[in-house]
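S.K.: Protein chains in written order, with this note's numbering: chain S, 245 to 415; chain B, -18 to 533. Ideal placement from N, C-alpha and C gives every residue a C-beta, glycine not left out.
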Amino acid sequence: MLKTKKSFLDVELPKSDPRVKLIAAKIKKENYRQDALIEILHTAQNAYGYLPMNVLAFITRELKVPPSRVYSTVTFYHFFSLKSKGDHTCLVCTGTACYVKGAQALLDEIENKFHIKPGQVTPDNQLGVQTARCIGACGLAPAVVVDDEVKAKVTAAQINNIITTKTGVGA
Amino acid sequence: MNRHDLKTISEQMKTKHGQFKQKVCVCCGAGCLSSGSEAVLKKLQEEVKLKGKENEIEVVPSGCMGPCNKGPLVKVNPGQTIYQQVEGEKVSVIVDEHLIADRPIEKMVLFSDTREKPFINSQEDPFYKKQHKIVLADCGDVNPESLEDYVFYGGYQALDKVLFQMSSEDVIAEIKHSRLRGRGGAGFPTGIKWETVYKYVADQKYVICNGDEGDPGAFMDRSVLEGNPHRVLEGMAIAGYAVGASKGYVYIRGEYPLAIKRFELAIKQAKKIGLLGANILGSAFSFDVEIRIGAGAFVCGEETALIASIEGQRGTPRPRPPFPAESGLWGKPTLINNVETFSSIVPIIACSGEWYSEIGTTKSSGTKVFALAGKINISGLIEVPMGTSLREIIFDIGGGIPGDKAFKAAQTGGPSGGCIPAEHLDTKVDYESLVALGSIMGSGGLIVMDETSDMVDVARFFMEFCMDESCGKCVPCRVGTKMMFDLLTKICQRKALPMDLERLEELAVFVKETSLCGLGMSAPNPLLSTLRYFRNEYEDYVNKSQALAGTR
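Below, the structure written as structure tokens:
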């Protein structure tokens, strides 16, 4: 007989964890409706900062939807991430206006100092760099969001200082 | 609440506003907030209170005023004086000099750094003078977080008129008469769409507001949702009444947290006093609205993909017909319009379809909101009548190109649009003229490029976008965008052969004609339009590759 390894799908989440409570409450509020999956994933990502596999498994069980459905939805949308985005984040807008005004130079500068490309996190998990399609602040191009604070008209000479001042990383 | 209560609110607000001598609006749109306008608002309120003038001077947050790169902006009414880049000490100066001593400060007003003679009354400045604000009419004056303030500016009067003086057919006839066309980009006549949904018989119909503004470089919907959310809500309710829907959804991008917050608040306020919910204003009409938050997929701007996303699925489009008007959300007849379209409904009902149809050109009536950005002196949000030329938009309103550089191209329609070169600057902008130039109106993003922009790289930028955003359902788009991107990269790396250019053109036409949805069908547009107008740049690259190959 095949020996089945215990799957991550069967791992229970600690019920006392406030983040789990938050997700459970959201699922209840949405009346266990399967079509509320995206809303529930938003709540989960807000709570954890990303979507760990065991959290997806929890949602799968609660909503009674196949794991494939949850996984395919998560991977379809850019907003959802299966990996930690880092303790601090720097999001460089690469929309058209920011592109025209030199967003690439900012990314190059960050890579020079922190050795991370978009989507990567420093080995100590301190800083993650991401890009966005367009944050809609085109009048302020090129725009960067450091830990939820929008920085306008950022130049390549400023970018690393801005990150360090705001987050303390790389000081 | 009933009709009488609406009038009471309006009158109460009139009395309340009547007490104040001056109204100071601090722009709290996303652009100005990023420049720190929230602190300015707080400081202004404190200073006014400190001087004991809080009963004479009202300080409120407002929506977008337009020139986002000059923020934070502060407007003083009466007089429409706008101050730019207000921060620190400037706040006290405005309070002491303008508000108390009534001496507007010329050296601090909008464009005082660039114009020889700036205008104290902002509306006389060329930036505003050439504009015609209908969708954005109260944006920048009305407090987006107050329903009462919206009612004071005439809000919910159109809904009242519709519910008690007009039948569904009347409303649809009025919209048809206005010749309003969908502002999402494709320009389908709104009245006809409404009529189609109205004619289907079903136990349940839906109204969806498409606020999934995915075009990079576009922020019109964002500013409207943030600056005047009740206007959109009222437009949706009118649409619901016209087509016979009792439930509405607003799909807003997850990247716009402020728009989501303001719209949530607007729904809550409207529900609380019975402007949403059962038996609105005491009529037989019931309508409810829910927000759905997008999760970052450009393809979800396509209507069938958006519907799939609201249903909690992957946002992949499906073939049409059946159109959503027949079988949309959960298989029910569904009306789906863009944010800007819904915002145009209220003025059409309040004034008339006739009035609206006289603005703009014969084929495209009304006004269009554009988001100006890129290499331009004044970037921000503008609204012009259809038929305004690109030259007027870029040079008269936008103030031209910084650093005396030469204009090279204007990009409209985002990744689905194209680049319009200098020789077509005098084109009157409407749906047809832009298509004739190989671009599209799109949702209204307008990015200006100067002589330093490399057009092949621009095409590559957009192709990379489409490749990433292709949902993968149909082969032409999934594989075609990847192949075109690889070829463009090859050209940029100077490794291309002359035949690569031919292959690229062939592929572009193929993808355009065989893709399932609008994303794939329009993905080659930036490539095709740059090939059409800037072919020499492509050839330069290829020739350089040849020369390089010779030396290898």
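1) Near B:Ile261, which residues of its chain fall below 8 Å by C-beta distance, leaving aside the five closest residues on each side in sequence?
2) Cα separation between B:Glu535 and B:Ser333?
3) Suppose the cutoff is 6 Å on Cβ atoms and the five residues either side in sequence are ignored; what does the same chain contact list for B:Arg299 look like?
4) Are the CB atoms of S:Ala385 and S:Cys342 within a distance shorter than 8 Å?
5) Quick check: is the beta carbon of B:Tyr64 nearer than 8 Å to any beta carbon in chain S?
6) Roughly how many whole angstroms lie between the Cα atoms of B:Glu(-8) and B:Asp431?
7) For B:Gly537, return the contacting residues in chain S, with the cut-off set at a CB-CB distance below 9 Å.
8) Would you report the Cα separation of B:Glu68 and S:Glu283, rounded to the nearest angstrom?
9) Would B:Val410 be called buried (16 or more neighbouring beta carbons within 10 Å of its own) or exposed?
10) Name the chain S residues whose beta carbon is nearer than 8 Å to that of B:Gln392?
11) In angstroms, rounded to a whole number, what distance separates the CA positions of B:Ala352 and B:Ala183?
12) Let me check understanding here. Comparing Cα to Cα, which of B:Gly355, B:Thr343, B:Lys386, B:Gly258 lies closest to B:Ser414?
13) Measure from the alpha carbon of B:Pro366 to the alpha carbon of each residue in B:Trp336, B:Thr348, B:Arg372, B:Lys356, then state which is nearest.
14) Hey, could you find the ends of the beta strand (DSSP E) S:Thr375 is sitting in?
15) Report the residues of the stretch 325 to 352 of chain S with a CB closer than 9 Å to any CB of chain B, ordered along the chain.
16) Identify every residue that forms a DSSP beta bridge with B:Pro170.
17) Under 8 Å Cβ-Cβ, which residues of chain S neighbour B:Ser290?
18) Taking the alpha-carbon positions, what's the B:Gln250 to B:Cys190 distance?
19) Taking Cβ positions only, does S:Gln402 come closer than 8 Å to chain B?
20) Sorted by chain position, which residues of the same chain lie with C-beta nearer than 6 Å to B:Ala202's C-beta, five sequence neighbours on each side aside?
21) Tell me whether B:Lys463 sits in a helix, a strand or coil according to DSSP, three-state version.
22) Please go through the stretch 258 to 289 of chain B and give each complete beta strand (DSSP E) segment of 3 or more residues, from N-terminal end onward.
23) Considering only C-alpha positions, which residue in the set B:Ser159, B:Gly531, B:Arg243, B:Gly384 is nearest to B:Tyr337?
24) So B:Gly229 packs on B:Ile326, CB below 8 Å; how close in whole Å?
25) Note down, in chain order, all residues in the stretch 343 to 358 of chain B with a beta-carbon under 7 Å from any beta-carbon belonging to chain S.
26) Rounded to whole angstroms, what is the Cα-Cα separation between S:Thr409 and S:Glu306?
27) Indicate the three-state DSSP secondary structure (helix, strand or coil) for S:Asp417 in the structure shown.
28) Taking DSSP as the reference, what is the three-state secondary structure of B:Ile340?
29) Should B:Pro305 and B:Asn209 be called a contact, given that it needs their Cβ atoms to be closer than 8 Å?
M.R.: Let me lay it out:
1) If we look at B:Ile261 and ignore the five residues flanking it on each side, its Cβ neighbours are Leu140, Leu144, Ala218, Gly255, Ser267, Phe268.
2) In the structure displayed, chain B extends from -18 to 533; residue 535 of chain B sits before or after that span and is not available.
3) If we look at B:Arg299 and ignore the five residues flanking it on each side, its Cβ neighbours are Thr285.
4) Closer than 8 Å, so yes.
5) Using a Cβ-Cβ cut-off of 8 Å, B:Tyr64 does not count as an interface residue toward chain S, since no Cβ of chain S sits closer than that to its own.
6) Spanning the two alpha carbons is a distance of roughly 52 Å.
7) This structure leaves residue 537 of chain B out entirely; chain B is present only between -18 and 533.
8) Going by the C-alpha atoms only, they are around 38 Å apart.
9) Buried, by the Cβ-count rule.
10) Correct list: Thr340.
11) Answer to the nearest angstrom: the Cα atoms are 39 Å apart.
12) Of the residues B:Gly355, B:Thr343, B:Lys386, B:Gly258, the one whose Cα lies closest to the Cα of B:Ser414 is B:Thr343.
13) Residue B:Thr348 is the option with its Cα nearest to B:Pro366.
14) In the DSSP assignment, S:Thr375 falls within the beta strand (DSSP E) that extends over 371 to 376.
15) Within the stretch 325 to 352 of chain S, the residues whose Cβ lies closer than 9 Å to some Cβ of chain B are Cys337, Thr338, Gly339, Thr340, Ala341, Cys342, Tyr343, Val344, Lys345, listed in chain order.
16) B:Pro170 has B:Arg162 as its beta-bridge partners, per DSSP.
17) Per Cβ cutoff of 8 Å: Ile282.
18) Taking the straight line from one Cα to the other gives about 19 Å.
19) Not one chain B Cβ lies under 8 Å of S:Gln402.
20) The sequence shown places Asp at residue 202 of chain B, not Ala. Gly192, Glu194, Val320.
21) Assignment of B:Lys463 by DSSP, reduced to helix, strand and coil, places it in the helix class.
22) Fully contained in the stretch 258 to 289 of chain B are the following beta strand (DSSP E) runs of length 3 or more, in chain order: 269 to 274.
23) Taking only the C-alpha atoms, the option nearest B:Tyr337 is B:Ser159.
24) That pair is no contact at about 13 Å.
25) Against chain S - using a Cβ distance shorter than 7 Å - the residues of the stretch 343 to 358 of chain B are Ala352, Ala354, Gly355, Lys356.
26) Per the coordinates, the alpha-carbon of S:Thr409 lies some 42 Å from the alpha-carbon of S:Glu306.
27) Any question about residue 417 of chain S goes unanswered here, given that chain S covers just 245 to 415.
28) For B:Ile340, the secondary structure class from DSSP, reduced to helix, strand or coil, is coil.
29) No, the Cβ-Cβ distance between B:Pro305 and B:Asn209 is not below 8 Å.
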